[in-house]
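One structure is given here, and the rest of the page talks about it.
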Amino acid sequence: MLTIITVCGNGIGSSLMLKLKIEEICKENDIQAAVESSDFNAAKGRKCDLIVTVGELATQFESSQRVAVIRSYINKKKIQEDILDHLIELDQSHKH
């Protein structure tokens, strides 16, 4: 199972919306994932398979953390375009 953290500035509204969208995308693509929303400080240094956030926050994570950049917190089509390749690749590597 993948561990995914969605991140916004204060970890309340935007990251929660993003969490719900990613859960839908994972379910539709048969990808097992535990998705959690978080603020930036709490997510920094956390162990997970993927962090999903917007560009201005993405550059502030450590290089050891895998980060997917999204263009929208709420537009499911854009989110899927931005992260589906990451999800499929991670899911495949977990199954082998």
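Under our numbering, read the sequence shown as residues 204 to 299, first letter to last. Ideal placement from N, C-alpha and C gives every residue a C-beta, glycine not left out.
Item, Value
"Counted within 10 angstroms of its Cβ, other Cβ atoms place G214 as buried (16 or more) or exposed", "buried"
"Cβ-Cβ distance between D285 and I273 below 7 Å", "yes"
"A236 and L205 closer than 7 Å at C-beta", "yes"
"Closest Cα partner of I208 within the set K230, T256, K280 and E227", "T256"
"Proximal residues to S241 (C-beta, below 8 Å), its chain only, five neighbours per side dropped", "I208, T209, V210, G214, S218 and R249"
"Coarse secondary structure for E239, derived from DSSP in three states", "strand"
"Bridge partner(s) assigned by DSSP for T262", "Bridge partners of T262: none, in fact."
"Rounded distance between the beta-carbons of L290 and I254, thought under 8 Å", "No, I254 and L290 are not in contact; Cβ-Cβ is about 13 Å, not under 8 Å."
"Buried or exposed by the 16-neighbour rule on C-beta atoms within 10 Å, applied to K224", "buried"
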